[in-house]
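S.K.: Chains as they are written, first to last, in this note's numbering: chain P, 1 to 798; chain Y, 1 to 160.
Have a look at this one.
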Amino acid sequence: MNDRDLPAGLTALDRPNSYIGRSVARPNLARLTQGRGQYVSDVVLPRMAHAAFVRSPHAHARIKQINTDAAKRVPGVIAVVTGAELATVCTPWVGVLTHLKGLKSAPQHAVAVERACWQGEAVVAVVARTRALAEDAAELVEVEYEELPAVTDAETALDKATPVIHPDLGDNLTFERTLDAGQVDKALNESDAVVETTFLFGRHTGVTNEPRAAVADWNEGAQRLTVHHGTQAPHMMQNIFAKHLGLAEHQVRVVTNDVGGSFGIKVHVYADEMATVALSKLLKRPVKYVADRIESFVTDIHARDHRVKARIGVTKDGRITAFEIDDLTGIGPYSVYPRTSGIEANQIVNLVGGPYACPNYRARARVVFQNKNVMCQYRAVGHPIATAVTEGLVELAAAKIGIDPVEVRRKNLIADEAYPCGSAAGLKFEKLSHHASLDKLIAMMDYDRLRRDQAAARARGIHRGIGFAAFIEVTNPSAAFYGVGGARISSQDGATVRLDAQGAVICHTGVTEQGQGSEAVIAQVVATSFGVPLDRVRVITGDTDNTPYGGGTWASRAAGIGGEAAWQAGKALRANVLAVAASILQAEPKALDIRAAAVVDADTGRERIGLDEVARIAYFRPDTLPPGFQAELMATRHYVPRAWPFAFTNGIQASHLEVDTDTGFVTLLDHWVVEDCGTVINPQLVDEQIRGGVVQGIGAALFEHCLYDAQGQLLNGNMADYLVPMAAEMPDIQVGHVVTPTGDSEIGAKGAGEAGTAGAPGAVMNAVNDALRPLGARSITVMPITPGVVLQALGKSE
Amino acid sequence: MTAHEITLTVNGEEVREAVEPRTTLVDFLRDTLGLTGSHVGCEHGVCGACSVRLDGAVVRGCLTLAVQCDGHKVETIEGASDSGAIADLQEAFRTRNALQCGYCTPAMLLTAAELLAGGGVPSRAAIREHLSGNYCRCTGYHAIIDAVEAVARVRAGATS
Ligand code: FES
Ligand code: FES
Chain P
1 MNDRDLPAGL TALDRPNSYI GRSVARPNLA RLTQGRGQYV SDVVLPRMAH
51 AAFVRSPHAH ARIKQINTDA AKRVPGVIAV VTGAELATVC TPWVGVLTHL
101 KGLKSAPQHA VAVERACWQG EAVVAVVART RALAEDAAEL VEVEYEELPA
151 VTDAETALDK ATPVIHPDLG DNLTFERTLD AGQVDKALNE SDAVVETTFL
201 FGRHTGVTNE PRAAVADWNE GAQRLTVHHG TQAPHMMQNI FAKHLGLAEH
251 QVRVVTNDVG GSFGIKVHVY ADEMATVALS KLLKRPVKYV ADRIESFVTD
301 IHARDHRVKA RIGVTKDGRI TAFEIDDLTG IGPYSVYPRT SGIEANQIVN
351 LVGGPYACPN YRARARVVFQ NKNVMCQYRA VGHPIATAVT EGLVELAAAK
401 IGIDPVEVRR KNLIADEAYP CGSAAGLKFE KLSHHASLDK LIAMMDYDRL
451 RRDQAAARAR GIHRGIGFAA FIEVTNPSAA FYGVGGARIS SQDGATVRLD
501 AQGAVICHTG VTEQGQGSEA VIAQVVATSF GVPLDRVRVI TGDTDNTPYG
551 GGTWASRAAG IGGEAAWQAG KALRANVLAV AASILQAEPK ALDIRAAAVV
601 DADTGRERIG LDEVARIAYF RPDTLPPGFQ AELMATRHYV PRAWPFAFTN
651 GIQASHLEVD TDTGFVTLLD HWVVEDCGTV INPQLVDEQI RGGVVQGIGA
701 ALFEHCLYDA QGQLLNGNMA DYLVPMAAEM PDIQVGHVVT PTGDSEIGAK
751 GAGEAGTAGA PGAVMNAVND ALRPLGARSI TVMPITPGVV LQALGKSE
Chain Y
1 MTAHEITLTV NGEEVREAVE PRTTLVDFLR DTLGLTGSHV GCEHGVCGAC
51 SVRLDGAVVR GCLTLAVQCD GHKVETIEGA SDSGAIADLQ EAFRTRNALQ
101 CGYCTPAMLL TAAELLAGGG VPSRAAIREH LSGNYCRCTG YHAIIDAVEA
151 VARVRAGATS
């Protein structure tokens, strides 16, 4: 991993004027603070029409008849289109991956054909001059339904008596995975204590501030489709639009400017977005669709909703002997395309027990169909559940044998010297830092003082709790995640860097900006590896016509993978530009370097020629260069991790909170995180990723829940009834770092986007239990932990 | 639906337009006037993304009808930016990374500016309380509180 351009002993990151590790402000922020963003919701095109959808009011119903006459008569209505009609333009899809063995699903259409399988599934599309008109007309569409029995309870979805949602599939089982490592039964038998409990995680959803949005523009003359799309993965969507509309990929351009929040919500294929694109093709004009908030609640993917029966064994001196879990999750009527809805359960199996040196681990996960909205990957996929289960068990076990929760972790976390090593589930760890992270966390939170304060408060009748959650996080995924399963989801990413005619550099990258700061990070990397001040770098993202092929933003890959590609591209362009400069200066390229936008003597740093001058000569006076010499002022490099399937990161969180035992209300007092994402390119951006992630995790722990009734009706699909974290309830969040770079890349960065969400729910749950334990309360293993749940645990309500 | 003619001042410019009675202020600003800096997050008064100034007070653009603004003064983030009145706050948001996707930001800035206009240095709890009607899914709020607090301190220092 040594940069050959550098003296021995220095790494790539020691380049002069390095921006690596500096908290520079993001280049796109001034624009956004002035209301000058361009979100898809803002896009207006000539001749643009608006789509609205008639959606099924039933969780499961046969569509017997559709009458669109009255709707079609509304002035301003352009088209009213049924599923069968749209199916002539857009083929259905099936969300399966071959490496998740046995995973099955049924064909899903852009607009339901014959049958609606969840409340909110689009049944008819209406296109009109304005959205308001389209909604008016949608109300006039008459749909006659025959209600079918709704399968809503995951627990009984596999029972013989339960109807099978897709009879062709034979049963309601989407996917099942089992794992048996070491000797679980023997280990449990030999344990001094075994804790067994059931964890329940509520279904929740992303609630991106800007709802999903697409403006599709099929140009019949050019035979090209342009889709302005609020997505995390433009190239993936290019492939999917092409595939299902019968186009070649080069006929499709996906443009993604500003996106009002994603978090995994906007990395999937949504039926109404596919319908919007198909409608544009059908009508030969731009069509816009922006989900309203109610539509978001019933159609944005939901996540979590797992029931995990779990056991842990422990010896009386605090050694963990075994973990065992049985996970059940209901994912709606379809496995979501193209990433599938088997991944979250699969991740839980992979991740439970992951931080600990415990060889005995047995797991089963079952994923079942049901007539509710679809579930799929949302920020930190599986991690919050695996972490809450693991860490919940660890603290319950520690309490049972009477040792401190910090002590039990010191005894069992994989030693920092043990790497490289693997986990019982078969994960491979290059190098983690659990103990260093724990030490740092304990120091940051002043643990002993906090325990003393807790005891003092307790004496005054104030019940505070401290809870921990150690975690590992999957980042920088290789092709092992999706590619090997047959999905055309790129794990590699590319970057192209070119010198402009004034000596500035433009970087085109395949990763996307969702607000996490990719543009800043890519700019820092390129400025450093090429050798210019940051204000001489412009980054272009989110346009399949103008960026190298790449995967976009998911699984915390933008900095680690996109950043490394940009690093290599910057280096390559530096070599090219130095070749030009050397020929101008009649010097050896090796004796030169680029620093602060000038070509300098590598040894002395003395300026030889400015980049603007190099550019001027190369572009406008190439006749003055030696015969046969051709300047190459654009370089492209690609990168994909090869040595490790994933770059695991690690960290630990702690929550400090107070429980009002009369009302059941939880007040968050403090939250600490120590995480290790390898090389930190921009500390401020990493910290803010962590903080934002923590608050999403807190939402899951305390507030957020998509509540369904037994008929499959969502009861709280609006922001008044579905609670999200707001400023007043959230604590300040202190973030610390341990830095263990990955050796798989020169920059050594791993991902940081999901660590906050991974650990926060478990830490909060453990803190609540820590507060209530001396009161003889039952342990809480249910999320969200509402006041009602607290009072129940205290025996104060049913 | 019959349209009503309304006359109002938007960011200092007089505007005369015909609007349907059901058109909300935020839709009017975005769709009719092209002022897309005001955002729509929920259309039912909870997220605060649509907040704008009506006669100087911050209101929900999705709970206000355009026809109600006949004869009144509306200011949006575009106007507040161009006037330079909240430049210090915008700069603090930028340097503190108090926005990620930026969707909540225009409304968050106007709401924070309202608090800061009261003068003094509000406590972090008071800042949190004042901003608690503005949903931000990205930041976790901590950085926003930092930015607002920092501006309050600077402004207090400058006036004292
Ligand atoms: S859009 Fe007005 S409060 Fe949400
Ligand atoms: S920055 Fe994205 S919602 Fe606040």
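Glycine included, each C-beta is placed from N, C-alpha and C at the ideal position.
Please work out which residues of its chain come closer than 7 Å, Cβ to Cβ, to P/Tyr356, disregarding the five sequence neighbours upstream and downstream, and give them in chain order.
M.R.: As a working note, residue 356 of chain P is residue 356 in the first sequence. Excluding its 5 nearest sequence neighbours in each direction, P/Tyr356 has C-beta neighbours in its own chain below 7 Å: Ile320, Asn412, Leu413, Ile414, listed in chain order.
S.K.: Are the beta-carbon atoms of P/Gly692 and Y/Gly41 separated by less than 8 Å?
M.R.: Stepping through the first sequence from its first residue, residue 692 of chain P is reached at position 692. Stepping through the second sequence from its first residue, residue 41 of chain Y is reached at position 41. No, the pair does not count as a contact, with Cβ atoms beyond the cut-off.
S.K.: Look up Y/Arg137 in the DSSP assignment and say whether it is helix, strand or coil.
M.R.: Stepping through the second sequence from its first residue, residue 137 of chain Y is reached at position 137. If DSSP states are grouped into helix, strand and coil, Y/Arg137 belongs with coil.
S.K.: According to DSSP, which residues form a beta bridge with P/Asp543?
M.R.: On the first sequence, position 543 is the one that residue 543 of chain P refers to. P/Val255.
S.K.: Whose C-alpha, out of P/Ala767, P/Ile489, P/Val124, P/Cys507, is nearest the C-alpha of P/Ala71?
M.R.: Within the first sequence, the letter at position 71 stands for residue 71 of chain P. Comparing Cα positions, the closest option is P/Val124.
S.K.: By the three-class DSSP mapping on this structure, what secondary structure does P/Lys243 have?
M.R.: Residue numbering aside, residue 243 of chain P sits at position 243 when the first sequence is read from its first letter. Here P/Lys243 sits in helix by DSSP.
S.K.: For Y/Val74 and Y/Cys50, which I take to be in contact (beta-carbon distance under 8 Å), what is that distance rounded to the nearest angstrom?
M.R.: Locating residue 74 of chain Y in the second sequence gives position 74, where the first residue counts as 1. Locating residue 50 of chain Y in the second sequence gives position 50, where the first residue counts as 1. Between Y/Cys50 and Y/Val74 the Cβ distance is about 12 Å, and since that is not below 8 Å, they are no contact.
S.K.: How would you call P/Val80, buried or exposed, if buried means at least 16 neighbouring beta carbons within 10 angstroms?
M.R.: Within the first sequence, numbered from 1, the residue matching residue 80 of chain P stands at position 80. Classification of P/Val80: buried, given that the 10 Å Cβ count is 16 or more.
S.K.: Taking the C-alpha atoms as reference points, what is the distance between P/Ala418 and P/Ser490?
M.R.: Translated into positions along the first sequence, residue 418 of chain P becomes position 418. Translated into positions along the first sequence, residue 490 of chain P becomes position 490. A direct Cα-Cα distance of roughly 32 Å separates P/Ala418 from P/Ser490.
S.K.: Under three-state DSSP, which class holds P/Trp218?
M.R.: Stepping through the first sequence from its first residue, residue 218 of chain P is reached at position 218. Here P/Trp218 sits in strand by DSSP.
S.K.: Rounding to the nearest angstrom, what Cα-Cα distance links P/Val215 and P/Leu245 in this structure?
M.R.: Numbered from 1 along the first sequence, position 215 holds the residue referred to as residue 215 of chain P. Numbered from 1 along the first sequence, position 245 holds the residue referred to as residue 245 of chain P. Cα to Cα, the separation comes out at about 16 Å.
S.K.: Does any residue of chain Y have a CB that is nearer than 8 Å to the CB of P/Val659?
M.R.: Reading the first sequence from its first residue, position 659 is the one you call residue 659 of chain P. No - not a single Cβ of chain Y is within 8 Å of the one on P/Val659.
S.K.: Just how far apart, CA to CA, sit Y/Glu13 and Y/Thr64?
M.R.: In the second sequence, residue 13 of chain Y corresponds to position 13, counting from 1. In the second sequence, residue 64 of chain Y corresponds to position 64, counting from 1. The straight-line gap from Cα to Cα measures roughly 20 Å.
S.K.: With DSSP collapsed to three states, give me the class of Y/Ser81.
M.R.: Position 81 of the second sequence, counted from the first residue, corresponds to residue 81 of chain Y. Three-state DSSP puts Y/Ser81 in a helix.
S.K.: Under 8 Å between the Cβ atoms of P/Gln696 and P/Thr512?
M.R.: Here residue 696 of chain P refers to the residue found at position 696 when the first sequence is read from its first residue. Here residue 512 of chain P refers to the residue found at position 512 when the first sequence is read from its first residue. No, these two residues do not count as a Cβ contact at 8 Å.
S.K.: According to DSSP, P/Trp93 sits in a beta bridge with which residue or residues?
M.R.: Within the first sequence, the letter at position 93 stands for residue 93 of chain P. DSSP, once it has assigned bridges, lists P/Gln108 as partnering P/Trp93.
S.K.: In whole angstroms, what separates the C-alpha of Y/Pro21 from that of P/His50?
M.R.: Start at 1 with the first residue of the second sequence, and residue 21 of chain Y comes out as number 21. Start at 1 with the first residue of the first sequence, and residue 50 of chain P comes out as number 50. Their backbone Cα atoms lie some 20 Å apart in a straight line.
S.K.: Going by the C-beta, is Y/Gln100 closer than 7 Å to any heavy atom of ligand 2?
M.R.: Looking up residue 100 of chain Y in the second sequence gives position 100. For ligand 2, at least one heavy atom lies less than 7 Å from the Cβ of Y/Gln100.
S.K.: List the residues of chain Y that P/Asn209 touches, going by C-beta distances under 8 Å, in chain order.
M.R.: As a working mapping, residue 209 of chain P is identified with position 209 in the first sequence. Near P/Asn209 (Cβ distances below 8 Å), the residues of chain Y are His39, Gly41, Cys47, Ala49, Cys101, Tyr103, Cys104, Tyr135, Cys136, Arg137, Cys138.
S.K.: Ordered along the chain, which non-local residues of its own chain (more than five positions away) have a Cβ less than 8 Å from that of P/Leu633?
M.R.: Start at 1 with the first residue of the first sequence, and residue 633 of chain P comes out as number 633. Arg498, Leu499, Leu573, Asn576, Val577, Val580, Ala615, Ala618, Tyr619.
S.K.: Using a Cβ-Cβ cutoff of 9 Å, what residues of the region 10 to 25 of chain Y are near chain P? List them in chain order.
M.R.: So the list reads Glu20, Arg22, Thr23, given in the order they occur along the chain.
S.K.: Under 8 Å between the Cβ atoms of P/Ala59 and P/Ala150?
M.R.: Along the first sequence, read from residue 1 onward, the residue named residue 59 of chain P stands at position 59. Along the first sequence, read from residue 1 onward, the residue named residue 150 of chain P stands at position 150. Contact flag set, yes.
S.K.: Check whether chain P comes within 8 Å of Y/Ser83, counting only Cβ atoms and requiring the distance to be less than that.
M.R.: Taking the first residue of the second sequence as 1, we reach residue 83 of chain Y at position 83. For Y/Ser83, the answer is no, since every Cβ of chain P falls outside 8 Å of its Cβ.
S.K.: Is P/Asp305 near P/Gly202, with beta carbons less than 8 Å apart?
M.R.: Walking along the first sequence from the start, residue 305 of chain P turns up at place 305. Walking along the first sequence from the start, residue 202 of chain P turns up at place 202. Their beta carbons are under 8 Å apart, which means P/Asp305 touches P/Gly202 by this criterion.
S.K.: Any heavy atom of ligand 1 within a distance shorter than 7 Å of the CB on Y/Glu43?
M.R.: Looking up residue 43 of chain Y in the second sequence gives position 43. Answer for Y/Glu43: yes, Cβ within range of ligand 1.
S.K.: Is it the case that the region 32 to 39 of chain P contacts the region 756 to 768 of chain P, given that we only count it when at least three CB pairs across the two stretches are under 8 Å?
M.R.: Pairwise C-beta distances place the region 756 to 768 of chain P out of contact with the region 32 to 39 of chain P, as fewer than three of them are shorter than 8 Å.
S.K.: In whole angstroms, what is the alpha-carbon distance linking P/Ile506 and P/Ile240?
M.R.: Numbered from 1 along the first sequence, position 506 holds the residue referred to as residue 506 of chain P. Numbered from 1 along the first sequence, position 240 holds the residue referred to as residue 240 of chain P. Rounded to the nearest angstrom, the gap between the Cα atoms of P/Ile506 and P/Ile240 is 29 Å.
S.K.: Counting only the same chain and skipping the five closest in sequence on each side, list residues whose C-beta sits under 7 Å from that of Y/Glu5.
M.R.: In the second sequence, counting from the first residue as 1, residue 5 of chain Y sits at position 5. Excluding the 5 residues flanking it on each side, Y/Glu5 has same chain C-beta neighbours closer than 7 Å at Arg16, Ala18, in chain order.
S.K.: Am I right that Y/Leu110 and Y/Val58 are in contact with their C-beta atoms under 8 Å? What's the rounded C-beta distance?
M.R.: Position 110 of the second sequence, counted from the first residue, corresponds to residue 110 of chain Y. Position 58 of the second sequence, counted from the first residue, corresponds to residue 58 of chain Y. Correct: roughly 5 Å between the Cβ atoms.
S.K.: Chain Y beta carbons: is any one of them nearer than 8 Å to that of P/Arg4?
M.R.: If you number the first sequence from 1, residue 4 of chain P lands on position 4. Low confidence applies to P/Arg4: its pLDDT is 44, below 50, so where it sits in the model is not reliable enough to give any reading.
S.K.: Within this structure, are the beta carbons of P/Arg538 and P/Ala504 separated by less than 8 Å?
M.R.: Against the first sequence, residue 538 of chain P aligns to sequence position 538. Against the first sequence, residue 504 of chain P aligns to sequence position 504. In this structure, P/Ala504 lies closer than 8 Å to P/Arg538 by Cβ.
S.K.: Following a CB-centred definition, is P/Asn350 positioned closer than 7 Å to any heavy atom of ligand 2?
M.R.: Residue mapping note: residue 350 of chain P aligns to position 350 of the first sequence, counting from 1. Result no, Cβ not under 7 Å from ligand 2.
S.K.: Along chain Y, in chain order, which residues have C-beta atoms closer than 7 Å to that of P/Asn718?
M.R.: The residue labelled residue 718 of chain P in the question sits at position 718 within the first sequence. Correct list: His44.
S.K.: Should P/Val43 and P/His166 be called a contact, given that it needs their Cβ atoms to be closer than 8 Å?
M.R.: Residue mapping note: residue 43 of chain P aligns to position 43 of the first sequence, counting from 1. Residue mapping note: residue 166 of chain P aligns to position 166 of the first sequence, counting from 1. It is not a contact, given that the beta carbons lie outside the stated cut-off.
S.K.: Distance cutoff 8 Å, beta carbons only. Does Y/Ser123 sit that close to anything in chain P?
M.R.: For the purposes of this step, residue 123 of chain Y is taken as residue 123 along the second sequence, with counting starting at 1. Not closer than 8 Å to any Cβ of chain P, the Cβ of Y/Ser123 fails to qualify, so no.
S.K.: Using 8 Å as the limit for Cβ to Cβ distance, is P/Gln516 near chain Y?
M.R.: Locating residue 516 of chain P in the first sequence gives position 516, where the first residue counts as 1. Cβ-Cβ to chain Y under 8 Å: yes for P/Gln516.
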